[in-house]
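Take the sequence shown: its position 185, counting from 1, is numbered 198 in this note's numbering, and each next residue is one higher. Glycine is no exception: its CB is placed at the ideal position from the N, C-alpha and C atoms. As the structure is a computational prediction, the values presented were derived from the model and not from experiment. Let me begin by presenting the structure, written as structure tokens, before commenting on it.
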Amino acid sequence: MKKNNNLIGWFCTYVPEELIHAAGFTPHRILPYNEGSRKDKYLPPNFCPYVRNIIEKIEQDKNSFEGLIVANSCNAMLHLYNVVKENFDLPVHLLHVPRLNTKAACEYFAFQIKNLKIFLENINGNVTTESLAETIKLYHKTAEILKNNWPHLNLAFPLKIASDYSTDVFDFFDDLYYSDRCGFNSRLENTNFSALSAEKVEDENDKYKNEDSNDYILLEGALPSKSLLNMISNEIEEEIIMDNCLSNRYLVSQRTSNLTDIYNTAQNLDDLLYYLASIYLNKPSCPRIFSSSNERTEIFSSLLNNYNIKAVIYHKLSFCDFSNYEYLRLKNLIQHTYNNKIPILKINTELEEQESGQFKTRLDAFLEMIE
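As structure tokens, then:
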């Protein structure tokens, strides 16, 4: 990566990217895509591979960033914060994200976002009411364009959108996270998206599950490696939908229709910060949010009820408790509610490219079984 002192690195989809942009910086999501290299310099090998991978990426590109923002998503991310603070000469901020979605939690998170604003201003950023309002509109537009082509963006992201955007599906995600947002929105508007579901569904409350709809393969679990996602997209003929923080959990935070009144009536910067807190806590929850004990099960049920799910591929990240609990929750739901009629393949990875060979063998056998 070339030297660019305008970059602010972030990792978790609970970090309000709009605030970084409004402060005059370039948001840069650091993804764990250093496949095949050594990652145990700062943490033991039996530690979260996502975090170990990210730390190596930071070490490689440490001179490119003005600062980093770490959300306390889990205990491993707290270790990431400590490693960066102790080993790298970089400003780093720990964003405290509540594990509940209540009015009190939203007020708490708005206060934490205000502290993040102060952190950004201390490294030469400047956030105004006008700059934040314009940035929120800019980022909301991305999700609005995509929802015009896929009304169920709050539930899942169809990989077909990425392949319509470019023959290489990762071009979509690279542009989503690393290109100028205004330019990316323009390219989205000029993309000829296939009528993947528009002919069947006109409203986000409609179901995709009917006799004429396609079969879907659901990719669930932890954020996949590039090699794993490319392998799945190349090997599977059915349409693939994803529910993870690479896609829909990130995108839907930028457009929550039932909260638009808060935005439209915002009078000052504090109101906009509260609005950001609201939309981020109200997006589809990840496994670390405990708004209710059944929320994640309800999300799984909605996915299985709204689509013709032919099979599920679950990506489990090694040494990740949340990832393991989620798999057990989904497996239990399929077993007891769907009488094991939906096949599920669990793929356990450490985000390494060399793992793809054995996974291809297992995937090929799984696909042959469900034919």
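Less than 6 angstroms between C-beta atoms, sequence neighbours within five positions excluded: which residues of the same chain meet that for residue i?
i, result
"ASN162", "PHE206"
"ALA118", "PRO111"
"LEU151", "ARG194"
"CYS25", "ALA84, SER86"
"SER369", "SER240, MET244"
"LEU380", "none"
"ALA235", "HIS328, LEU330, SER336"
"TYR27", "ALA84, VAL110, TYR293"
Just checking residue i against the ligand MN - is the residue's beta carbon closer than 7 angstroms to any of the ligand's heavy atoms?
i, result
"SER192", "With respect to small molecules bound, the structure shown includes none, and the ligand MN cannot be examined in it."
Among the residues of its own chain, which have a CB less than 8 angstroms from the CB of residue i, if the five just before and after it don't count?
i, result
"PRO297", "ASN167, LEU168, ASP256, ASN261, ARG262, VAL265, ILE312"
"GLU212", "With a pLDDT of only 44 at GLU212, under the threshold of 50, the placement of this residue in the model should not be trusted; the figure read from the coordinates follows. Cβ within range, chain order: n/a, list empty."
"LEU343", "GLU233, PHE313, VAL325, TYR327, ILE357"
"GLU202", "ILE158"
"VAL97", "ILE68, ILE71, LEU81, VAL83, LEU103, VAL105"
"ASP377", "GLU248"
"THR269", "For THR269, the predicted model reports a pLDDT of 48, less than 50, meaning its position is unreliable; a value from the coordinates is still stated below. Around THR269: SER291, ILE292, ASN295, LYS296."
"THR278", "ASP284"
"GLU147", "ALA35"
"GLU252", "PRO171, LEU172, LYS173, LEU209, ASN227, ASP228, TYR229, ILE230"
"ASN353", "ILE347"
Out of the options, which one is the CA nearest neighbour of residue i?
i, options, result
"SER336", "GLU99, TYR178, CYS61", "CYS61"
"ALA89", "ASP102, GLY80, ILE68", "ILE68"
"SER122", "ALA175, CYS195, LEU285, LEU330", "Per the sequence shown, residue 122 should be read as Phe rather than Ser. It is LEU285 whose Cα lies nearest to the Cα of PHE122."
"GLU248", "LYS154, SER331, THR374, TYR190", "THR374"
"TYR287", "THR142, THR350, ILE21, GLN371", "THR142"
"ASP74", "ASN114, SER179, LEU20, THR26", "LEU20"
"ILE245", "GLN371, PHE197, ASN76", "GLN371"
"LEU113", "ILE253, PRO300, ASN95", "PRO300"
"GLU339", "ILE322, GLU79, GLU365, THR310", "THR310"
"GLU79", "ASN128, PHE132, ASN59, ASN95", "PHE132"
"ASN128", "ARG200, LEU32, ASN59", "LEU32"
"GLU250", "PHE24, ILE383, THR115", "ILE383"
"GLY22", "PRO58, CYS87, ASN59, LEU107", "LEU107"
"LYS2", "PRO29, PRO58, PHE332", "The structure shown does not extend to residue 2, since the chain is modelled only from 14 through 384, so no value can be given for it."
"ASN319", "PHE124, SER144, ILE254", "ILE254"
"LYS329", "SER192, ILE360, ASN353", "ILE360"
"GLU363", "TYR27, TYR46, ARG42", "TYR46"
"CYS333", "HIS109, ASN59, GLU365", "ASN59"
"THR180", "THR204, LYS160, ILE355, CYS258", "THR204"
"THR115", "ILE302, GLU365, LYS154, ILE355", "ILE302"
Since residue i and residue j should fall inside the 8 angstroms C-beta cutoff, what is the C-beta to C-beta distance between them, to a whole number of angstroms?
i, j, result
"LEU241", "LEU316", "That belief does not hold up - the Cβ atoms of LEU241 and LEU316 are roughly 20 angstroms apart, past 8 angstroms."
"TYR55", "ASN100", "6 angstroms"
"TYR178", "PHE185", "4 angstroms"
"ARG200", "ASP188", "7 angstroms"
Assuming residue i is part of the alpha helix (DSSP H), what are its boundary residues?
i, result
"ARG262", "261-264"
"HIS153", "142-162"
"ILE71", "62-74"
"ILE254", "ILE254 -> not in any alpha helix (DSSP H); beta strand (DSSP E) instead, spanning 252-255."
"GLU366", "Run containing GLU366: none; DSSP gives neither H nor E here."
"GLU246", "According to the sequence shown, residue 246 is Ser rather than Glu. 239-248 is the extent of the alpha helix (DSSP H) around SER246."
Which same chain residues end up closer than 7 angstroms to residue i when comparing Cβ atoms and leaving out the 5 residues on each side of it in sequence?
i, result
"PHE183", "LYS239"
"LEU93", "VAL64, ILE67, ILE68, VAL83"
"ASN281", "THR142"
For the beta strand (DSSP E) that contains residue i, what are its first and last residues?
i, result
"TYR229", "228-234"
"TYR327", "321-330"
"THR9", "Residue 9 lies beyond the range of the chain shown here (14 to 384); nothing can be said about it."
"VAL105", "105-108"
"ARG42", "39-42"
"LYS354", "Looking at the DSSP string, LYS354 is not in any beta strand (DSSP E), and its letter there is neither H nor E."
"ILE82", "78-84"
Quiz item: Is there contact between the stretch 35-46 and the stretch 134-148, where contact requires at least three CB pairs shorter than 8 angstroms?
Solution: Touching, yes.
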